[in-house]
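Note that the protein sequences, when read in sequence, are chains S and B.
The opening residue of the first sequence carries number 29 in our numbering; numbering runs sequentially from there.
The opening residue of the second sequence carries number 29 in our numbering; numbering runs sequentially from there.
Built from N, CA and C at the ideal position, the CB exists for glycine as well.
Beneath this line is the structure, given in structure tokens, with notes to follow.
Protein chains: 2
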Amino acid sequence: MSVTMNDIARAAGASVSTVGRVIHNSGYVSREVRERVEQAIERLGYVPNQSARALKSSRSGIIGSLVLQSANGLYYRINDSIIRAARAAGYELLTMEAQPGQGMEGHLIDSFIGLHVDGLAIISNTSITGEMFAKLRAAAIPVVAVERGYLEMGVDSLVVRDLEGSRDAVQRIVRSGHKRVALVAPRPALDVEKRRYAGYREGLESMGLGVDERLIRLTPGYDTQYGRIAGADLLSLPEPPTAVFCTADTLAAGVLQAAYQKGLRVPEDLSLVGYDDVLSQSLSPALNSVGLFMGSIGPCVMELIEARRADPERPAEARMIDTVYADRGTVAVRSARKETVIRIYDEEELL
Amino acid sequence: MSVTMNDIARAAGASVSTVGRVIHNSGYVSREVRERVEQAIERLGYVPNQSARALKSSRSGIIGSLVLQSANGLYYRINDSIIRAARAAGYELLTMEAQPGQGMEGHLIDSFIGLHVDGLAIISNTSITGEMFAKLRAAAIPVVAVERGYLEMGVDSLVVRDLEGSRDAVQRIVRSGHKRVALVAPRPALDVEKRRYAGYREGLESMGLGVDERLIRLTPGYDTQYGRIAGADLLSLPEPPTAVFCTADTLAAGVLQAAYQKGLRVPEDLSLVGYDDVLSQSLSPALNSVGLFMGSIGPCVMELIEARRADPERPAEARMIDTVYADRGTVAVRSARKETVIRIYDEEELL
DNA sequence: CTCCTGTATGGTAACGTTACCATGTGCTGA
DNA sequence: TCAGCACATGGTAACGTTACCATACAGGAG
Numbered sequence: 029m030s031v032t033m034n035d036i037a038r039a040a041g042a043s044v045s046t047v048g049r050v051i052h053n054s055g056y057v058s059r060e061v062r063e064r065v066e067q068a069i070e071r072l073g074y075v076p077n078q079s080a081r082a083l084k085s086s087r088s089g090i091i092g093s094l095v096l097q098s099a100n101g102l103y104y105r106i107n108d109s110i111i112r113a114a115r116a117a118g119y120e121l122l123t124m125e126a127q128p129g130q131g132m133e134g135h136l137i138d139s140f141i142g143l144h145v146d147g148l149a150i151i152s153n154t155s156i157t158g159e160m161f162a163k164l165r166a167a168a169i170p171v172v173a174v175e176r177g178y179l180e181m182g183v184d185s186l187v188v189r190d191l192e193g194s195r196d197a198v199q200r201i202v203r204s205g206h207k208r209v210a211l212v213a214p215r216p217a218l219d220v221e222k223r224r225y226a227g228y229r230e231g232l233e234s235m236g237l238g239v240d241e242r243l244i245r246l247t248p249g250y251d252t253q254y255g256r257i258a259g260a261d262l263l264s265l266p267e268p269p270t271a272v273f274c275t276a277d278t279l280a281a282g283v284l285q286a287a288y289q290k291g292l293r294v295p296e297d298l299s300l301v302g303y304d305d306v307l308s309q310s311l312s313p314a315l316n317s318v319g320l321f322m323g324s325i326g327p328c329v330m331e332l333i334e335a336r337r338a339d340p341e342r343p344a345e346a347r348m349i350d351t352v353y354a355d356r357g358t359v360a361v362r363s364a365r366k367e368t369v370i371r372i373y374d375e376e377e378l379l
Numbered sequence: 029m030s031v032t033m034n035d036i037a038r039a040a041g042a043s044v045s046t047v048g049r050v051i052h053n054s055g056y057v058s059r060e061v062r063e064r065v066e067q068a069i070e071r072l073g074y075v076p077n078q079s080a081r082a083l084k085s086s087r088s089g090i091i092g093s094l095v096l097q098s099a100n101g102l103y104y105r106i107n108d109s110i111i112r113a114a115r116a117a118g119y120e121l122l123t124m125e126a127q128p129g130q131g132m133e134g135h136l137i138d139s140f141i142g143l144h145v146d147g148l149a150i151i152s153n154t155s156i157t158g159e160m161f162a163k164l165r166a167a168a169i170p171v172v173a174v175e176r177g178y179l180e181m182g183v184d185s186l187v188v189r190d191l192e193g194s195r196d197a198v199q200r201i202v203r204s205g206h207k208r209v210a211l212v213a214p215r216p217a218l219d220v221e222k223r224r225y226a227g228y229r230e231g232l233e234s235m236g237l238g239v240d241e242r243l244i245r246l247t248p249g250y251d252t253q254y255g256r257i258a259g260a261d262l263l264s265l266p267e268p269p270t271a272v273f274c275t276a277d278t279l280a281a282g283v284l285q286a287a288y289q290k291g292l293r294v295p296e297d298l299s300l301v302g303y304d305d306v307l308s309q310s311l312s313p314a315l316n317s318v319g320l321f322m323g324s325i326g327p328c329v330m331e332l333i334e335a336r337r338a339d340p341e342r343p344a345e346a347r348m349i350d351t352v353y354a355d356r357g358t359v360a361v362r363s364a365r366k367e368t369v370i371r372i373y374d375e376e377e378l379l
């Protein structure tokens, strides 16, 4: 069907061994023969059969990635970062999506094992059992968990400094003069969510402000709609917040909608900060947001995979990923004395 | 290293042939032996080696997809749709990203050939040459182009009814009473862009309105920033448009920012419609947008691949993908008599 | 002259799976 | 009684690549 090393050997008047040596640039090959073989490869359009290679060397050249299927663009960005790093290291990335709550992860893991992937990145909160990890370990497949701590199960992990990112953002808000800083966040179930939630509290406390539980809204999930409801709720309080910190951009977008419906402007009437920086730059106005430092995610994943490959017995390691605060001016400076910011209307606005 | 059919055979006291028959549910196997084999498979955690299968049967079980690396979330959604359909058909999807203008597509195509993918989806405007298509054809790999017509090169294609989608959206705007409907679109280079652009013109003309060239803004690309600039430009015209149709959500987001900066409200002061529906539901307000009917993209891709595989000589076919208009109320109804919509201010807004 | 070493090339057994073919049973019908 | 059949199982040659060993010849050292 397709061109094989045998075809090349025949066309170049050499043996498969010699062709192999040319392809791998190893061993002794005379200049003359090397050229004949290279020409034949070029002329016939030979491409090495990866299946055969994988079978022989039990290295597929493929890194797997398992993500939870969701509307959250963050996972695709993370995946992107890994794609690039994998390719730079000579691998391709094969992504499988787990439908939430379908319990199909076991089959997906089996598929990865069958493909003999050279590494596996597990992104976000897929539900992998200890049994599956054991199977992966038996198959000698290095696993890296991203944004989800499986560290206690002996899995190498990438952990985002979410507590610091969250705390830092809140501190910035408070430093701008805000006293009533609300939180809109998903109900903390996953580690990520807990860390971001804790960061909010630490941020306030570290600035000498108490946490006002009335200003906290925990949503059932990440839908924009939940953000809108929470936002509307907060903004109709007798003493509404002057700033809202959201631990997800999608929620921030919802709060923005709520503000808009109330006729409030960001940042003049309400300061707003999102998280993940996946949507913020496209909103109007473009929002401040805490983003992950994507540049290091892919490379860290590959480093952990290579390290595990080199020494399967090494203790599980966690790499920390920094956050990056994108400042787009949606936190207004409030003077200490005045409770309301002076607002200047455009001519058009007043007709 | 990992468990093979041989291990199962030994454990179950059978031969590899018998194990093979159990796995494939073909040929004669006694109930007793079948059970022994199945138990061994379960107990040892046997997973078929795909590399060996692929080598033997020259079917890898992998569909490739090639996308242009870009911030546009649309491609990921399309990819998602294909992932699901591929999986439903028993394949995995392996995605490679081409960096724009890097000319690395040749290498990527070679990688796909080396992997012996059973099909290849080319998404968006990657630059594939005739030579590459020839190589793919020689390797008997069915190719489907999505959102990019390579039909003239004899490649099966998925074409979105963009002209109709665009025209329909404009007609809806006009029917709501708008006379000055502006366009913000990337300079039409690709077929997609031309179709969407043409749809705008047809939409206006079909409603008996002339095209006012002063209301057309063509941007150098899809950045939100271009939308903002174009929007600011349009809104400062002596006779500004009452509605803006954008052929991309990212551009619409920019126009929204411009409107916001001018103190205009959507839809009360300005009606706004986006395209691709990838961002619209997260904006504030959530915008009307023309989306692709994702449900049919993946299945169509797989159908075309299977059809091509069944008959490599069949003439190239184009499948049409419908658009879906998402109405979120950002097109205001304008009465025929009055040129301006009565605007009601909230109390807060007037202090 | 032999031995060794460097250079150059060819042969071949795996890797795990699958598609055949071969070789058995035991049973039925002529 | 035996051909013919359904049933049941085992053996083995590929698939394309790679790792290793074998072979061969030159030229220089001993």
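Report yes if the C-beta distance between residue i and residue j is below 9 Å; otherwise report no.
i	j	result
leucine 237 of chain B	valine 272 of chain B	no
serine 317 of chain S	serine 312 of chain B	no
alanine 141 of chain B	isoleucine 150 of chain B	Position check: residue 141 of chain B holds isoleucine in this sequence, whereas alanine was assumed. Taking 9 Å as the Cβ cut-off, isoleucine 141 of chain B and isoleucine 150 of chain B do not qualify as a contacting pair.
leucine 243 of chain B	proline 269 of chain B	yes
aspartate 146 of chain S	isoleucine 110 of chain S	no
leucine 262 of chain S	proline 214 of chain S	no
glutamine 127 of chain S	glutamine 97 of chain S	yes
valine 212 of chain S	leucine 279 of chain S	yes
asparagine 100 of chain S	alanine 276 of chain S	yes
valine 361 of chain S	arginine 105 of chain S	no
alanine 335 of chain S	aspartate 184 of chain S	yes
leucine 102 of chain B	aspartate 304 of chain B	yes
Using a Cβ-Cβ distance cut-off of 9 Å, determine whether residue i contacts chain S.
i	result
threonine 270 of chain B	no
methionine 235 of chain B	no
glutamine 78 of chain B	yes
isoleucine 325 of chain B	no
histidine 144 of chain B	yes
glutamate 120 of chain B	yes
glycine 41 of chain B	no
Check the C-beta distance from residue i over to residue j and give it rounded, since I have them as a contact under 8 Å.
i	j	result
tyrosine 353 of chain S	alanine 197 of chain S	6 Å
valine 301 of chain B	valine 359 of chain B	6 Å
arginine 396 of chain S	glycine 282 of chain S	This structure does not reach residue 396 of chain S, given that chain S is present from 29 up to 379, and the question cannot be answered.
valine 50 of chain S	valine 31 of chain S	About 15 Å; that fails the 8 Å criterion.
proline 170 of chain B	arginine 342 of chain B	With a Cβ gap of about 10 Å, proline 170 of chain B and arginine 342 of chain B do not count as contacting.
arginine 112 of chain S	methionine 348 of chain S	Not really, about 20 Å apart at Cβ, beyond 8 Å.
leucine 186 of chain B	isoleucine 325 of chain B	6 Å
What span of residues does the alpha helix (DSSP H) with residue i cover, start to end?
i	result
methionine 33 of chain S	33 to 40
isoleucine 408 of chain B	Because chain B here runs from 29 to 379, residue 408 of chain B falls outside it and cannot be looked at.
phenylalanine 140 of chain S	133 to 143
leucine 186 of chain S	Unbroken run through leucine 186 of chain S is the beta strand (DSSP E), 184 to 188; no alpha helix (DSSP H).
isoleucine 111 of chain S	101 to 116
alanine 80 of chain S	78 to 85
What is the residue span of the beta strand (DSSP E) that residue i lies within?
i	result
glutamate 125 of chain S	120 to 126
methionine 348 of chain S	346 to 349
isoleucine 90 of chain B	90 to 96
aspartate 305 of chain B	Unbroken run through aspartate 305 of chain B: none, as it is neither H nor E.
alanine 271 of chain S	271 to 274
Strictly by DSSP, which residues pair up with residue i?
i	result
threonine 247 of chain B	B:Pro214
phenylalanine 161 of chain B	None, per the DSSP bridge assignment.
isoleucine 151 of chain S	S:Val95 and S:Val174
glycine 319 of chain B	B:Val352
valine 209 of chain B	B:Ala271
Spell out whether any CB of chain B is found under 9 Å from the CB atom of residue i.
i	result
serine 317 of chain S	no
valine 47 of chain S	no
tyrosine 373 of chain S	Low confidence applies to tyrosine 373 of chain S: its pLDDT is 47, below 50, so where it sits in the model is not reliable enough to give any reading.
proline 170 of chain S	no
glycine 134 of chain S	no
serine 312 of chain S	yes
glutamate 367 of chain S	The predicted model places glutamate 367 of chain S with a pLDDT of 48, which falls under 50 and marks its position as unreliable; any figure quoted below should be read in that light. No, its Cβ sits nowhere closer than 9 Å to a Cβ of chain B.
tyrosine 303 of chain S	no
Heavy atom of the ligand NAD less than 8 Å from the Cβ of residue i, yes or no?
i	result
glycine 101 of chain B	Only the bare structure without any ligand can be found here, which leaves the ligand NAD out of the picture.
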